[in-house]
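Read left to right, the sequence shown gives residues 1276 to 1640 (the numbering used here).
The beta carbon of each residue, even a glycine, is placed where N, CA and C say it ideally should be.
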Amino acid sequence: MTSLPLVFDPPRRGLPPRHLADLSQSERRDAVAELGEKPFRADQLSRHYFGRLENNPDAMTDLPTGVRDKLGQALFPPLLTEVRHVETDSGTTRKTLWKLHDGTLVESVLMRYKDRLTVCVSSQAGCGMACPFCATGQGGLTRNLSTAEIVEQVAAAARVAAAGELSGGVVRLSNVVFMGMGEPLANYKRVAAALHRMVEPAPAGLGLSQRHITMSTVGLVPAIHRLADEGLNVTLAVSLHAPDDELRDTLVPVNTRWNVREVLEAADEYAARTGRRYSIEYAMIRNINDQGWRADLLGELLSGRLAHVNLIPLNPTPGSKWDASPKPVEEEFVRRVAAYGVSITVRDTRGREIDGACGQLAAKG
Ligand code: SAH
């Protein structure tokens, strides 16, 4: 990649100190050796962190105290401090506000369903994509999150689940969606490393299933290609929101750089390379993108592609002039798209009452 577009130019300021979860297994061994300890200590630390979700070095009692103190200090800096959490949907949805080492605030959301437990993680503090209907987009980008700051959101969710803190009792974390704050593919290197940490089996990583991880993007085409080269086959979700460039230029401003056709071609290539169906996300905004003719256009566009459409009823955001489409309009839209043989469902929106739903994360202290 020689000519990286501006959106990939990552602000480095504020990145936290190095943590075990930033490192691959071989990097962990090197780091431990540099600290003057035997490389096998890295495997012990990894078993604690990735295998048992332990991030407190004091609890790693199979290591001698001196070693534990030294490695603990060097490789387990506290990255996320819980400010508070709020719950809704009878305790099955929980939004957590985290303070990072430099005081930056981010949020993640845990959602328990009958058959799965999903954590929605943030990949950046704020977001630079400026989509006008999304609360995160209104504040701009503060900074990228480090790999470990992303992994820690997942580990924290897994700890809450394993401790039986969610309504319904003990459960295993099964799914991760990159649909919290930020544009994950604009923080590519750190997000890709976080993916490897999530899917590699313990003690290398958390051992989550690739197909249970969803990467959601506004459609940064070169980064979609790069993800296809990554050797992973996580699920790709593209935030389309309009089938035509004229409207998409206003709803997802990066469309002026990579248009609808280019984004869909990149998603097709991803599907061909990975064998995975991709999702098209479409927030239904009353009288903006919900017309019958746009449903027809979307159906025509996606017909024959390995895509599934997720309609998201627009969630309210502060100061927005837009509303969700009325139910009958939504139903008609579904009917029309489905008539083209395209699979389409309406997303069961969670966490709206706690400003924890899609597009509502703004991390106010
Ligand atoms: N930046 C990434 C991931 C974060 S948003 C992306 O855009 O895909 C996750 C999803 O929520 C995206 O599809 C986004 O477009 C959608 N979204 C944003 N604001 C929303 C709102 N107010 N109501 C419903 N969905 C929204």
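In this structure, Glu1556 has its CB closer than 7 Å to one or more heavy atoms of the ligand SAH.
The DSSP-derived three-state label of Tyr1615 is coil. In terms of Cα proximity to Val1621, the closest of Pro1601, Leu1636 and Gly1631 is Pro1601. For Val1493, the distance from the CB to the nearest heavy atom of the ligand SAH is below 7 Å. The C-beta of Gln1399 has 16 or more other C-beta atoms within 10 Å across all chains shown, which makes the residue buried. For the pair Glu1424 and Pro1291, the CB atoms are nearer than the 8 Å cut-off. Cβ neighbours of Leu1573 within its own chain (closer than 6 Å, five residues either side excluded): Pro1518 and Val1612. When DSSP states are grouped into helix, strand and coil, Trp1597 belongs to the coil group. Look at the stretch 1407-1485 and you find these whole runs of beta strand (DSSP E), each 3 residues long or longer: 1416-1419 and 1450-1453. Under the 10 Å beta carbon count, Glu1458 is surrounded by 16 or more other beta carbons and is classified as buried.
Under the three-pair Cβ rule at 8 Å, the stretch 1529-1548 counts as touching the stretch 1485-1502. Under the three-state reduction of DSSP output, Pro1332 falls in the helix class.
Here Ser1514 is not near Val1496, since their CB atoms are 8 Å or more apart. Counting the other CB atoms within 10 Å of its CB gives Pro1603 a total below 16, which places it among the exposed residues. In the DSSP annotation of this structure, the continuous segment of the beta strand (DSSP E) that includes Val1584 starts and ends at Ala1582 to Pro1588.
Contact between the stretch 1448-1468 and the stretch 1396-1414 is present, with at least three C-beta pairs closer than 8 Å.
Sixteen is the threshold: when 16 or more other Cβ atoms of the shown chains lie within 10 Å of the Cβ of Tyr1553, as they do, the residue is buried. For Arg1387, no alpha helix (DSSP H) segment is defined; the enclosing uninterrupted segment is the beta strand (DSSP E) at Leu1380 to Arg1387.
Runs of the beta strand (DSSP E) lying entirely within the stretch 1284-1366, each at least 3 residues long, are 1356-1363 in chain order.
Judged by their CB atoms, Leu1448 and Ala1438 are not nearer to each other than the 8 Å cut-off.
Shown here, Gly1567 sits in a helix according to DSSP, grouped into three states.
In the displayed model, Gly1403 falls within coil according to three-state DSSP, outside both helix and strand.
In the same chain as Asn1462, and ignoring 5 residues on each side of it, the C-beta atoms closer than 8 Å to its own belong to Pro1285, Ser1398, Gln1399, Asn1419 and Leu1420, in chain order. Judged by DSSP secondary structure, Ala1512 falls within the beta strand (DSSP E) whose first and last residues are Thr1510 to Ser1514. If you check the C-beta of Met1454 against the ligand SAH, you find a heavy atom less than 7 Å away. Spatial neighbours of Leu1507 in its own chain (CB-CB distance under 7 Å, excluding positions within 5 residues in sequence) are listed in chain order as Leu1470, Val1474 and Gln1485. The three-state reading of DSSP puts Glu1521 in helix, counting H, G and I together.
The stretch 1628-1638 and the stretch 1361-1378 touch, with no fewer than 3 CB-CB distances between them shorter than 8 Å.
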